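Visitor: Starting off with a structure, shown below.
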Amino acid sequence: MDQRAMLLEPMDMPNPLFPIKVHRHASREQGLPMFPIHWHAHMEFLYIQAGEAEITCGSELYRASAGDVVVVNSRELHHGFSRSDNLKYDALIVDLALLMGPSSDTASTRYIERMADNSMTFCGHIRGDKSVTSCLSALIHELDEKGYGYELAVKSLLFQLAALLVRDYVAAVRGAEDSRVLSSNLERFAPVLSYIDEHYKDKLSVEGLAGQLGLSRFHFSRLFRSLTGRTVTDYVNIVRIGHAELLLRSTSLSVSEVADATGYNDIYYFSKVFKRYIGTAPSTLRRGS
């Protein structure tokens, strides 16, 4: 497999001629991963039905609760964790080619094509907007029921949702070249991000990770931060602490054993880092679970 594609999620659609789908998810344990870090060319809408979640899109961390919508832009790295014991959410995934006709018109060139190639991006966290949630609920209902003519209703609702986003939630509009560079860097750094996720227990250095791409420490660190919004050290700690939290909640390992299993050979430093990211000491979390 091409290493650049390691974080690219394959996106099969029930009907390739009508590329949209909805998945329902539930998590009964706080701290469990919702999904690993990945990206795809499709747009995704995570509609939280119950509970709470912590979702990272690009460089932004969102704490979403029931009624909130998290928007995942095209080609945007994202991952998430459950933050409650009763998390339920719907994931609506759409290939924006569905809204493009055989010939371009103003709506396509000015909005839809830009949304699809990541040159127009949207705010990732929507809260308290009944217009957006009503539109999403109607879309999910149509996809569930598949009544006669549902395809027409779905396309109409998608255009309505696009209009709501364009009017109220545009975060950035990039030039075509900036969008191309961003996508190229995302593919270039995919094997490094996968390596961190697979080798978080090991000693990781900026120099070693930069060497995988043949870059200097300075150039690598600058590109890494522009892509993820975090320093390399911060990113590695987030991955490690995420695994540590899961181990504390779901195993009988001691705090020192969890520290060792997630790449920390100093339990005091581990406790300090854990509290910084989770907000509570690992020993407190262990007693509570």
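In my numbering, the protein residues as written are 13 to 301.
Note that the Cβ used here is the ideal one computed from N, Cα and C, for glycine as well.
Since this is a predicted model, take the numbers as computed values, not measurements.
For residue 26 and residue 49, what's the separation of their Cα atoms in angstroms?
Guide: Taking the first residue of the sequence shown as position 1, residue 26 is located at position 14. Taking the first residue of the sequence shown as position 1, residue 49 is located at position 37. Taking the straight line joining both Cα atoms gives about 23 Å.
Visitor: Going along the chain, which unbroken runs of the beta strand (DSSP E) with 3 or more residues stay wholly within the segment 75 to 145?
Guide: Correct list: 81 to 84, 90 to 94, 99 to 106 and 132 to 134.
Visitor: Kindly indicate which three-state DSSP category residue 42 falls into: helix, strand or coil?
Guide: To locate residue 42, count along the sequence shown from 1; it is residue 30. It is coil, neither helix nor strand.
Visitor: Just the C-alpha distance for residue 220 and residue 233, rounded to the nearest angstrom, thanks.
Guide: By 1-based counting over the sequence shown, the position of residue 220 is 208. By 1-based counting over the sequence shown, the position of residue 233 is 221. Cα to Cα, the separation comes out at about 12 Å.
Visitor: On the CB-based measure, 16 or more other CB atoms within 10 Å of its CB, does residue 115 come out buried or exposed?
Guide: For the purposes of this step, residue 115 is identified with residue 103 of the sequence shown, where counting begins at 1. Classification of residue 115: exposed, given that the 10 Å Cβ count is below 16.
Visitor: Sort out for me which residues DSSP pairs residue 36 with in a bridge.
Guide: Residue 36 sits at position 24 when you count from the first residue of the sequence shown. Beta-bridge pairing links residue 36 to 102.
Visitor: Take residue 130 and list the residues in its own chain whose beta-carbon comes closer than 8 Å to its own, dropping the five residues that flank it on each side.
Guide: As a working mapping, residue 130 is identified with position 118 in the sequence shown. So the list reads 85, 86, 87, 88, 186, 191, 194 and 195, once near-sequence residues are dropped.
Visitor: Please report the distance separating the alpha-carbon of residue 143 from that of residue 33.
Guide: As a first step, residue 143 is located in the sequence shown; it is residue number 131 there, counting from the start. As a first step, residue 33 is located in the sequence shown; it is residue number 21 there, counting from the start. If I take the Cα positions, the gap works out to 21 Å.
Visitor: According to DSSP, is residue 58 part of a helix, a strand, or is it coil?
Guide: Here the question's residue 58 lines up with position 46 in the sequence shown. Note: residue 58 maps to strand in three-state DSSP.
Visitor: Compute the Euclidean distance between the alpha carbons of residue 256 and residue 263, then round it to the nearest angstrom.
Guide: The residue given as residue 256 occupies position 244 in the sequence shown. The residue given as residue 263 occupies position 251 in the sequence shown. One C-alpha to the other measures close to 10 Å.
Visitor: Take residue 132 as the anchor and find which of 251, 121 and 99 has the nearest alpha-carbon.
Guide: If you number the sequence shown from 1, residue 132 lands on position 120. Selected option, being the one with the closest Cα: 121.
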